[in-house]
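Since the structure comes first, as C-alpha cells, the remarks are kept for the end.
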Amino acid sequence: MTTRTDLYPPAGAIVELRSKRGSAWGWALFGFAITIAAALLFMLAFALGLARAHDGRFMPGVAVAGVSVAGLDRGQAETLIREELPALSSGRISLAVEDSRTTVPYAQLARDYDMDSMLDAAYAFGRGGNDVAQTLDQLRGLLYGASVGTAVRYEPAAVDGVVADVAARYDRDPRDATMALNADGRSFAAAAGMEGRRVDQAALRRAIVQVVDTTDPADASVQLRAQPIEPAITTAEAEAAVAEAKTLTARPLTLKAEDDKLTIDRETLRRWILFDVEPEGSVRPVFVTSRVRTALEGLAPQVERAARNASFRFGGNAVSAVVPAVNGRSLEIEGSVEAVTAAFKTPKAEPAIELALTSVAPSLTTAEAEAAAPKMRQISTWTTRYTPSEKNFFGKNISIPTSVIDGYVVGAGEWFSFWEAVGDVSVNAGYGAGGAIINGRTEPTGALAGGICSCSTTLFNAAARAGLEMGARRNHYYYIDRYPVGLDATVFKSDSSVQDMTFRNDTEFPILIRGINGSGTVRFDIYGVDTGRTVSFSEPVVRNYRNATDSVEYTSALPAGSSKRVEYPVNGFESTVVRTVRNASGAVIHQDTYYSNYAVITGIVQVGR
1 MTTRTDLYPP AGAIVELRSK RGSAWGWALF GFAITIAAAL LFMLAFALGL ARAHDGRFMP
61 GVAVAGVSVA GLDRGQAETL IREELPALSS GRISLAVEDS RTTVPYAQLA RDYDMDSMLD
121 AAYAFGRGGN DVAQTLDQLR GLLYGASVGT AVRYEPAAVD GVVADVAARY DRDPRDATMA
181 LNADGRSFAA AAGMEGRRVD QAALRRAIVQ VVDTTDPADA SVQLRAQPIE PAITTAEAEA
241 AVAEAKTLTA RPLTLKAEDD KLTIDRETLR RWILFDVEPE GSVRPVFVTS RVRTALEGLA
301 PQVERAARNA SFRFGGNAVS AVVPAVNGRS LEIEGSVEAV TAAFKTPKAE PAIELALTSV
361 APSLTTAEAE AAAPKMRQIS TWTTRYTPSE KNFFGKNISI PTSVIDGYVV GAGEWFSFWE
421 AVGDVSVNAG YGAGGAIING RTEPTGALAG GICSCSTTLF NAAARAGLEM GARRNHYYYI
481 DRYPVGLDAT VFKSDSSVQD MTFRNDTEFP ILIRGINGSG TVRFDIYGVD TGRTVSFSEP
541 VVRNYRNATD SVEYTSALPA GSSKRVEYPV NGFESTVVRT VRNASGAVIH QDTYYSNYAV
601 ITGIVQVGR
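Dropping the structure here:
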C-alpha cells in the first residue's frame, strides 16, 4: 500500500496573498494619474503664462508670409513684413484691346497686402479654442513653428472704373450706311457705313482681377479682342438699294387716263422715293405714298373731265335739236396711288400705268333732254340797258360773261352759281378794267371786269321771274337807276371774300339759259317746261330816304376855269320788295323778302384852278 501526503496552505493565507497583489496595481495607477494631471496642470500653467507674457504680441514660432513676427506687436509686425516683402502697388498692368492700349498702375487699383486679415490670423494663433487647444497650438508653434500665408486686397470700384474707362474710349457704335437723293435731284448715292465694336467688360474685369489678386509684383499685360457689331444697314446693302432706285427711275413714268397720257419725269420720280428697311431686315427703295398722292392730286385737273349736260339747239325761238350729254370722269386718287406703287414692285421695261378713274354722269342725260325738248318754251326774260364806256370796258365786261352763259343748262334740282358758270375772269379771257365802288366812291377803272354786275343783275331778274328758288344776292353800295329798285344783284371777288349770285332749278325739268347781247343791252331768256307757276312782286317799300348833295373840288389837274363831274349825287334809301311764287293750284311755294340799303353818294364836280 502506497501512501501520498499533499500539503496545502491554510485558507486564510491564500486570502492575504491576493490582497497584497491588488494593492500594488492600484498604487501604480494612482501614481500615473497624478503624473498626467501634474503634466496637464504644468502645460496649462505654461500656456497661461505664455499668453500673458505675449499679451498684445504674436506667439513664439508665428510667421507671416515667411517673416517671423514672434514677440512683435501689430505695428512692429506690419513694418517688418513690408520691409521683407515686395510692394504690391509698384507695378502696372497693360490692357490691350486690339490696337488700343492702356497702362494702369497697380496703385490706381489700391492693390496691397491685406494686412488686417494677415495679422488677425497670425495673432489668433495659440489664442483660439479651449485651454487645451491653445496649449497644444502654442507647443506646436514652439516645436515646429506656424506660418500664415499672404492675402491681397484691391478696390473693386477702382477696377470697375478702369473697365468703364477702357470701354468708353474703345467702344464705338455702328454707323448705318445711308442712301439719299443728291442735292441736284439727278441721282442717288450711298454713304458707307461703319462696323461698331464693344469691349467684353465682364471678361476684361476677370482678367484684371486675375492679375491683381496675386502676390506677383511684376508688371502684367492683358490682351482682349473686341466684339464686332455690324450696322443695321451695311455699305453693300446700301449700294444695292441705290442701284435698284436708279433702275426704277431710269425712264420717265407714263400715266394713262383712257386715251390721254401724262408723263412723270425722272426727277419727279426720284423725289417720290425713300429707302425703307423691310421686316426681314433688307433695305429697298419704296415710293412714298403721301408724295405720290400729292403729285396725283396736282395732276387731277389735267385728268378729270366735267360731265357735260345735254343741251338744246334753237331754231328761231324754239328748241330744234338736242345736243347729247357727255359723261365726265374723276381721278380716283387712292386707287391710282395703289396702281403706281404696285407697278414699281415689279417694274417693266417701259412702265405705263393705268390710272383709276370714276365715270361721272351728267345731271341732265340725253334721254331726259329729248323727253323735255318738245315741251320747252320761254318761261321768263329780262333786259337791262347800259351805256358802253370805260366803266364796263366798253361793254366787253358785260357781253363776254353773257356769251359764256348762253346755252347753259341747269338740270332738275341743280344749283346755278354765277361765278362757276362764268369760269375764267381774266385779261386772257378778254376782260378789262372797269368801274368799281371803292371806299364809297366810283372808280371808273378800279377793278378787273368792272361792270359785270349788269350781267348778274339781269340774270337774277330773269331767274326770279321764272319762279325758281333764289339763293345768294346782295344789293350794290348805292342805287343804280337802270336796275329795278331793290332787285339788283352785285357780284365780286377779292382775296378775302366772294359775293356770288345763285339760284336753284327746283322744277322737275331742265331749264336752258339763253344770253343775248344787243347794242347797249343784255338780255337773258330762260326756257323750261311750263309748270303753271305764277310770280308776283310787291311795289318797293321805300323808307329812310336821304337826299344827296353836290360838291365842288378845285384841282390843278384840270385847266383853270374848266370843270369835270367825277361823281353824280345819288340819294340814299332803304327798300323792301316781296316776291311771291305760286304753283298751278295757287299754293305759295316761295316767298322772298329782298331788303336793300343804298348809301347816299355826294356828287363831285372838279374845277380847274
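Numbering-wise (my numbering), the sequence shown opens with residue 1 and increments by one.
Just so it is clear, CB atoms sit at the ideal spot from N, CA and C, and this is done for glycine as well.
Only counting the same chain, and skipping five residues up and downstream in sequence, which positions put a Cβ closer than 8 Å to that of residue i?
i: M1; result: Because the pLDDT at M1 is just 36, under 50, the model does not fix this residue reliably, and the value given afterwards should be weighed accordingly. No residues qualify anywhere along the chain.
i: A158; result: Q108, L109, A110
i: P569; result: A548, T549, D550, I601, T602, G603
i: A232; result: P174, D176, V277, G281
So, with DSSP's three-state summary, where would you put residue i?
i: P301; result: helix
i: E574; result: strand
i: N309; result: coil
i: T408; result: Inspection of the sequence shows that residue 408 is occupied by Tyr rather than by Thr. Correct three-state label for Y408: strand.
i: P60; result: coil
i: V288; result: coil
i: D120; result: helix
i: I398; result: helix
i: T247; result: helix
i: E633; result: Here the chain covers residues 1 to 609 and nothing more, so residue 633 does not appear.
i: E443; result: strand
i: R609; result: coil
i: S403; result: helix
i: T294; result: helix
i: F418; result: helix
i: S454; result: helix
i: T2; result: Model confidence at T2 stands at a pLDDT of 36, short of 50, so the residue's coordinates are unreliable and nothing is read from them.
i: A610; result: Given that the chain is displayed from residue 1 to residue 609, the structure contains no residue 610 and the question cannot be resolved.
i: N392; result: helix
For residue i versus residue j, is the C-beta distance shorter than 7 Å?
i: N397; j: A449; result: yes
i: A548; j: V581; result: no
i: R612; j: Y154; result: Residue 612 lies beyond the range of the chain shown here (1 to 609); nothing can be said about it.
i: S454; j: V522; result: yes
i: A464; j: T502; result: no
i: T445; j: E390; result: yes
i: A65; j: L85; result: yes
i: G407; j: S320; result: no
i: T249; j: A352; result: no
i: E574; j: R543; result: yes
i: T402; j: N517; result: yes
i: T235; j: A192; result: yes
i: L512; j: V409; result: yes
i: A167; j: V209; result: no
i: R197; j: A226; result: yes
i: A584; j: G532; result: yes
i: I379; j: A295; result: no
i: P510; j: A373; result: no
i: V578; j: P540; result: no
i: F58; j: L80; result: no
i: N327; j: A361; result: yes
i: F188; j: K246; result: yes
i: V322; j: E370; result: yes
i: A164; j: S117; result: no
Could you name the residues of the same chain whose beta carbon sits closer than 6 Å to that of residue i, not counting the 5 residues immediately before and after it, in chain order?
i: Q591; result: T580
i: E239; result: A190
i: Y483; result: T457
i: F492; result: Q499
i: N571; result: N547, A548
i: G395; result: P388
i: V605; result: V552, S563, R565
i: S94; result: T103, S221
i: R305; result: G328, R329
Please return the same chain residues whose Cβ sits closer than 7 Å to the Cβ of residue i, not counting the five positions on each side in sequence.
i: V62; result: V69, A70, A122, F125, G141, A146
i: P105; result: R92
i: I333; result: R293, L296, E297
i: F393; result: Y431, G432, A433, G434, G451
Would you say the beta carbon of residue i is closer than 6 Å to some non-hydrogen atom of the ligand GTP?
i: N517; result: As for the ligand GTP, it is missing from this structure, which has no ligand bound.
Worksheet entry | Whole runs of the beta strand (DSSP E) within the segment 456 to 519, excluding any shorter than 3 residues | Within the segment 456 to 519, the complete beta strand (DSSP E) runs of at least 3 residues are 502 to 504, 511 to 518.
Worksheet item: What are the complete alpha helix (DSSP H) segments, minimum 4 residues, inside the segment 148 to 229?
Response: Listed in chain order, they are 156 to 170, 201 to 212.
Fill in: Cβ contact (3+ pairs, closer than 8 Å) linking the segment 194 to 208 and the segment 139 to 147
Contact between the segment 194 to 208 and the segment 139 to 147 is absent, because fewer than three Cβ pairs lie under 8 Å.
Discussion item. Could you check whether the segment 238 to 257 touches the segment 210 to 220, counting it as contact only if at least three pairs of C-beta atoms, one from each stretch, sit closer than 8 Å?
Written reply: Fewer than three beta-carbon pairs drawn from the segment 238 to 257 and the segment 210 to 220 are found closer than 8 Å, and the two stretches are therefore not classed as touching.
Worksheet item: Can you list, in chain order, the stretches of the beta strand (DSSP E) that have 3 or more residues and sit fully within the segment 534 to 592?
Response: You should have 534 to 537, 541 to 546, 550 to 555, 563 to 567, 572 to 582.
Worksheet item: For the 8 Å Cβ check, are there 3 or more pairs between the segment 171 to 187 and the segment 96 to 103?
Response: The segment 171 to 187 is not in contact with the segment 96 to 103.
Worksheet item: Okay, do the segment 411 to 421 and the segment 374 to 392 touch, 3+ Cβ pairs below 8 Å being the bar?
Response: Contact between the segment 411 to 421 and the segment 374 to 392 is absent, because fewer than three Cβ pairs lie under 8 Å.
Item to complete: Specify whether the segment 352 to 367 and the segment 267 to 279 touch according to this definition: at least 3 beta carbon pairs, one from each stretch, less than 8 Å apart.
Response: A contact is defined here as three or more CB-CB pairs under 8 Å, and the segment 352 to 367 fails this definition with respect to the segment 267 to 279.
Worksheet item: Quick one: complete alpha helix (DSSP H) runs, 4+ long, within the segment 72 to 128?
Response: Taking only runs of at least 4 residues, the alpha helix (DSSP H) segments lying wholly in the segment 72 to 128 are 74 to 84, 115 to 124.
Worksheet entry | Those runs of the alpha helix (DSSP H) which lie wholly inside the segment 309 to 347 and span at least 4 residues | Entirely contained in the segment 309 to 347, the alpha helix (DSSP H) runs reaching 4 residues are, in chain order, 333 to 343.
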